[in-house]
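What follows is one structure encoded as structure tokens, with my remarks underneath.
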Amino acid sequence: MSLENNFLEQAVELARQNVENGGRPFGALLVRDGQVLARAVNEMHLDQDPTAHAELQAIRAASQQLGPRLDGCVIYASGQPCPMCLAAMHLCGVERVVFAAANAEGEPFGLSTAAIYQQMALPLGEQKLDIQHLPQPAMAVVYARWKSLHDPH
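Every position in the sequence shown, counted from 1, becomes a number in my numbering once 498 is added.
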């Protein structure tokens with residue numbers, strides 16, 4: 499068995515255990531250079547946090563060790579990452595994601611995020627969520643101040 503398959507099987511086993519513990523069927527590992535840096539499960543059932551997805555929990559745990567950049571890391575997930583988790587992976591520099599069950603497999607169980615992917619692919623004005631842009635000139639000052647504090651030159 500390949501190391502990659504082993505990591506994916508571990509994510510699936512975490513999902514199985516989480517179901518037995520009252521949680522949702524999602525588990526994830528965050529790996530860098532063949533070493534598991536974090537193992538996590540979906541913890542929405544513990545404190546009703548809708549962002550407590552397995553992938554985000556793994557990112558949070560690994561970031562405690564490595565900081566906010568997770569370049570070179572791979573996430574192995576039991577299910578297809580939702581748009582929120584996928585966006586977080588892009589933001590923190592995760593290099594790759596490997597998942598076991600696609601949205602189509604989760605659909606019959608109410609565990610697909612395909613509809614959210616479809617919404618997010620639409621222009622902002624066409625999404626079901628009412629999204630408004632109200633420009634505030636003061637933000638240019640805030641951004642400039644941030645840049646002056648973080649610019650190495």
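C-beta: ideal position from N, C-alpha, C; glycine also. Please read these numbers as outputs of a predicted model, since none were measured by experiment.
Could you please give me the residues that DSSP links to residue 573 through a beta bridge? 528 and 595
Please state whether DSSP places residue 600 in a helix, a strand or coil. coil
Can you tell me which residues form a DSSP beta bridge with residue 537? 527
Since residue 632 and residue 574 are thought to touch, with beta carbons under 8 angstroms apart, how far apart are those beta carbons, to the nearest angstrom? No, residue 632 and residue 574 are not in contact; Cβ-Cβ is about 41 angstroms, not under 8 angstroms.
Measuring alpha carbon to alpha carbon, tell me which of 518, 530 and 610 ends up nearest residue 541. 518
Starting from the Cα of residue 547, find the closest Cα among 595, 522, 528 and 532 and give me that residue. 522
Buried or exposed by the 16-neighbour rule on C-beta atoms within 10 Å, applied to residue 557: buried
Nearest to residue 581 by CA position, among 528, 563 and 610, is which residue? 610
Inter-residue spacing [alpha-carbon to alpha-carbon] between residue 641 and residue 536: 33 angstroms
Can you give me the Cβ contacts of residue 592 inside the same chain, cut-off strictly under 6 angstroms, excluding the 5 residues immediately before and after it? 568, 571 and 573
Nearest-angstrom Cβ-Cβ length linking residue 513 and residue 576, presumed shorter than 8 angstroms: 4 angstroms
Excluding the 5 residues preceding and the 5 following residue 594 in the sequence, name in chain order all residues of the same chain whose CB lies nearer than 6 angstroms to its CB. 572
What does the Cβ neighbour count give for residue 511, buried or exposed, with the cut at 16 atoms within 10 Å? exposed
What residues in its chain sit with their C-beta under 8 angstroms from that of residue 617, if we drop five residues either side in the sequence? 625, 626 and 627
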